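**Student:** Sequential numbering from 803 applies to the first sequence in our numbering.
Glycine is no exception: its CB is placed at the ideal position from the N, C-alpha and C atoms.
Treat the numbers as computed from the prediction; the structure is a model and nothing was measured.
Here's a structure for you.
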Amino acid sequence: MEREKTKEIYNAQEREGYWQKFWEREGINEFDPESSRQLFTIDTPPPTISGALHLGHVFSYTQAEVIARYRRLAGFNVRYPMGFDNNGLPTERLVEKEKKIKGRALPLAEFVRVCLEVTDLYKEQYKNLWKSLGLSIDWRLEYSSISREAQRLAQTVFKELFEKGAIYQKEAIALYCPTCSTSVAQAEVEDNEETSVFYDIAFTGVDGDELIISTTRPELLPACEAVFVHPDDERYAMMVGKTVTTPLQRTVPILVDDKVSMEKGTGAVMCCTYGDETDVYWVRKHNLPERIILTLNGKFIHLEEIPEISSKSIREARNIIVALLRERGAIKKEQQICHAVGVHERCDTPIEFLPTKQWFVKILEKKDDLIRAGERIQWYPSYMRKRYEEWVSGLKWDWCISRERFFGVPIPVFVCDSCEYVYIPDETVFPIDPKLEAEISACPKCGKGGLIPEKSVLDTWFTSSLTPDINNTSPMNGKLAGKLYPMSMRPQGHDIIRTWVVYSIVMGLYRHQDIPWHELMISGHILLQKGEKISKKTGGGAVKPEELIRTHSADAIRYAMYGASLGRDAFYEEQEVKKGKKLIVKLYNAGKLILSNLQDFETDSIRSESELEAIDRWIIARSRATATEMARAFEHYEYSRARLAFEDFFWRDFCDNYLEIVKGRLWSDESLSNAQRASAHYALYHAYLNALTMISPFIPHITEEMYHAEFSDGGVIVSRTDSGFFATREGQKSIHCISWPVVKADILTENEARGVELMLATIAEIRKYKSIQHMTMGARLSSVILKGKTEQRNLLHPFWNDLTFVIRAEVLSFQDENSIDVPDTLTIRI
RNA sequence: GCGCGCGUAGCUCAGUUGGUUAGAGCAUACGGUUUACAUCCGUAGGGUCAGAGGUUCGAAUCCUCUCGCGCGCACCA
């Protein structure tokens, strides 16, 4: 008789949306400012709106998410907000690319309007992804870094720091990106390996002799102000103090400095204004004149001696000059080299050193304080602190916060054109844009000059570094307003330690004389395969998060993200997703088995857990011990370890062993006492509910589904928001509102624990026997004799009936280890 | 060059303060499964814990050195 079983299937994609709507409707993730429970506040990274979402976003955000959910179950009042960093250079670049426009070419108001339009669109995309992943964010706490509130805060802080003397304006050599036409901070410069040509160029000495210098920047020849050699270099000793003439007929001194490397090139180097940081140093140290030949958009100015390069780009000018030098026979050698070049992280353009007037936040004098503050924060993983310290101690520039861009928070400053007085309006008028102020009055100080509005906007990190303050001052904080600083925890990637962590601590020190958070959770990157990083630049390749969720479900993707330990780079493994799917199915099926057998279960059927069968107490104790282990792991942000502990418990102990064992009592007829059956029911109820609870931070949808599941008359599982086998008995509307399981008391004696171990070992022996004999695990054995010590028999005693059932023995008996084997009987030594 | 991290089964990784015979999943081989399981269960094979030296009764774990990989910083004429 063949009967096609109608298999019941958990339709993850459909059910996940159902529960997401339920959570939102019921406010399951909402932060309650009136609650007296202990706070756990999260300083969520506001993602930069700079393009499409990729798997890297999913990876890092799910990591913080699992902690938020755990803390909620552990009884904390969790504040888990989301923000959006939707201004600044990255956003402008996105908008320019998408709309094929140039910010510089548009009226400011028009460009800002387009920026807002585009970022709002992306914001929705981001939000939809977070929601479809089931992130337990309280969306009422959403903020945006370009909002009026954030702008007001940023400008207020600017004024505050300026008045404290922590912000200053200075005309100085700054790191400058000619493509973006803006200054940048040290933290935004990264190294790129680039091929380049190392030219040996002949200069002419006073006596007509040659002096050959080596350079990769021949186009800067017109700005050459000196030639340097090492003081110990005997090759050039004769020429030191004299002058040389460049092939462009510029006569400059030959000086010594021990920063020159004798080995590199010819050992003679030209100093130009400015080719690199050393040039800046030399010009200052040796008091050299400055000849700036580059404009702020990276084009050359008109030069008498070489008019050909006028208004040419760096690359074009280099070609022109090289051709010219070749013609004149001044190039003695050309060598292809590969060297690191400091480039702007947003556009890969080599950074130039140009004199501009910029605003800075003093951080160099704060190095020691910053390092001390870093020591007061718990870093997870702890070695990440080193990176912070390395970066802070290696800082060479104050934090340049002005950007000559458009879509950002305006610097709220007017400067008097006569006495240079810096006028910052009263903060009650913030946010303001000085450029757009119609009325500009006379200077309040000298009364003579006019006030010139500042045109720059703030580095977007200036606002981002204030996220702890943004959270702290949110209108949603109720009676906790202003009491959320420092926050409990900041989750973020290791790549932005040098920016976001550093600047946030800077702000914390200046504004609060305190650290911004107690703990830092630093995550790694997800890689598609060895060496292939998913980042803003690569865009994440073919793996699109939305599509992954659609094909595999959010729970499965989430699960896969928790495989690697915190801080480590991990590979995206399809296999991990498969593993997640299997766990989901397993939870579903185990639930089906349990619900179908527990229909008449009442929570008060057992007066005290001590009444339970030993094996039932064991599985309950195991579930609680696992919860304790997981809790410890979560508290140290070791979610992968928590996941592992769960799998060990659920897959091995609960499904493979306990469920198989307990089936005996579930299926048995009247020969069994009600108490024994009730004991099994009680254990199944609690151990399974504990399992659901413990894994719910990882896979919140399937666990909610099972919490609300009911075994219907038709023999199928139905799950609805307003009902559910567990939901009605627990009296909580969501599994995400119940309490983390805790160890209540020692409910298992030591001997019982040893008995369980012995029992499991015995089961394994029998399974091994059946496997070798090619028997099915359910094959009946007419008689089995366990042979061992009397003590072992006593240990096994409480489990005898269950053991007999699970190995499918008709008769299970015991013999002393020294007795003679009974022929034709299966004898297992224990 | 400096700093950090890593190197454990064919693959991806666990391995808590040094302590029985180093674990898991996947893959492989064999077998079994339909009274939860788009399966699932069982069994087996598979490791010089990168290498060398040291500390110790005892080292994958601690120390030193070497090699390889990754990352950060510096160099970047």
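(1) Comparing C-alpha positions only, which one of I1203, E1129 and H1296 sits nearest to R1187?
(2) Just reading off the alpha helix (DSSP H) that W821 is part of, what are its end residues?
(3) Assuming H1510 and A1529 make a contact with CB atoms under 8 Å, what is their CB distance in whole Å?
(4) What is the C-beta distance between E832 and R942, in whole angstroms, given that I count them as a contact (C-beta under 8 Å)?
(5) Going by the CB atoms, is the gap between A1485 and L1414 shorter than 8 Å?
(6) Compute the distance between the beta-carbons of Y978 and E1154, then report whether it is under 8 Å.
(7) To the nearest angstrom, how far is the alpha carbon of E894 from that of L937?
(8) My guess is that P1020 and L1127 are in contact by the Cβ rule of under 8 Å, so how many angstroms apart are they, rounded?
(9) Which same chain residues end up closer than 6 Å to M1064 when comparing Cβ atoms and leaving out the 5 residues on each side of it in sequence?
(10) Taking its Cβ as the centre, do 16 or more other Cβ atoms sit within 10 Å of Y945, making it buried, or is it exposed?
(11) I think G1100 touches P1024, with their Cβ atoms under 8 Å apart; what is that distance to the nearest whole Å?
(12) Would you mind listing the alpha helix (DSSP H) stretches within the segment 1441–1507 that are 4+ residues and don't spill past its ends, in chain order?
(13) Consult DSSP for L955 and reduce its assignment to one of helix, strand or coil.
(14) Starting from G1007, follow the beta strand (DSSP E) in both directions and report where the run begins and ends.
(15) So, under 8 Å CB-CB, A1416 and P1288 are touching, yes? Tell me the CB distance rounded to an integer number of Å.
(16) Between the C-alpha atoms of A952 and I1497, what's the straight-line distance to the nearest angstrom?
(17) To which residues does DSSP link C1074 through a beta bridge?
(18) Quick check on this structure: which residue in T1564, I1298 and P1214 has the alpha carbon closest to the alpha carbon of P1255?
(19) Thinking C-beta only, is I1003 closer than 8 Å to I1133?
(20) Alpha carbon to alpha carbon, what distance is there between S1481 and W821?
(21) In or out: D766 buried (at least 16 other Cβ within 10 Å) or exposed?
(22) Name the one or two DSSP bridge partners that K961 has.
(23) Span of the alpha helix (DSSP H) holding C917?
(24) Compute the beta-carbon to beta-carbon distance between I1242 and G1252, rounded to the nearest angstrom, for a pair I have assumed lies under 8 Å.
(25) Buried or exposed: where does N813 fall if 16 or more other Cβ atoms within 10 Å of its Cβ makes it buried?
(26) Comparing C-alpha positions only, which one of S1113, R1631, E1612 and P1270 sits nearest to S1621?
(27) On the DSSP bridge assignment, give the partners of I1015 in chain order.
(28) Please confirm whether F878 and F913 have their CB atoms less than 8 Å apart.
(29) Leaving out the 5 sequence neighbours to the left and right, which residues in its chain are closer than 7 Å to R873 when beta-carbon positions are compared?
(30) Between the alpha carbons of R1130 and G1176, how many angstroms are there, rounded?
(31) Per the contact definition of three or more C-beta pairs closer than 8 Å, is the segment 1263–1273 in contact with the segment 1216–1234?
(32) Nearest to V1624 by alpha carbon, out of L1588, Q1160, I1540 and G1077?
(33) With respect to the alpha helix (DSSP H) encompassing N879, which residues constitute its N-terminal and C-terminal limits?
(34) Between A866 and P1236, is the Cβ-Cβ spacing less than 8 Å?
(35) With H, G and I counted as helix, E and B as strand and the rest as coil, what does DSSP make of D1034?
(36) Under a three-way DSSP split, which group does G905 fall into?
**Tutor:** On the basis of the supplied data:
(1) H1296
(2) A814 to E828
(3) 5 Å
(4) 7 Å
(5) yes
(6) yes
(7) 28 Å
(8) Rounded, the Cβ-Cβ distance is 7 Å, consistent with contact.
(9) H1032 and D1035
(10) buried
(11) Not quite, the Cβ-Cβ distance comes to about 15 Å (not below 8 Å), so this is no contact.
(12) 1441–1449, 1462–1469 and 1476–1497
(13) Here L955 sits in helix by DSSP.
(14) Note, G1007: beta strand (DSSP E), V991 to G1007.
(15) At roughly 48 Å, the Cβ-Cβ gap does not stay under 8 Å, so A1416 and P1288 are not in contact.
(16) 37 Å
(17) C1026
(18) Nearest option by C-alpha distance: P1214.
(19) yes
(20) 32 Å
(21) This structure does not reach residue 766, given that the chain is present from 803 up to 1632, and the question cannot be answered.
(22) The partner list for K961 (beta bridge, DSSP) is empty, contrary to what the question assumes.
(23) L910 to L935
(24) 6 Å
(25) exposed
(26) R1631
(27) I1003
(28) no
(29) F842 and V880
(30) 57 Å
(31) no
(32) L1588
(33) No alpha helix (DSSP H) contains N879, which is instead part of the beta strand (DSSP E) from N879 to R881.
(34) Going by beta carbons, A866 and P1236 fall outside the 8 Å limit.
(35) coil
(36) helix
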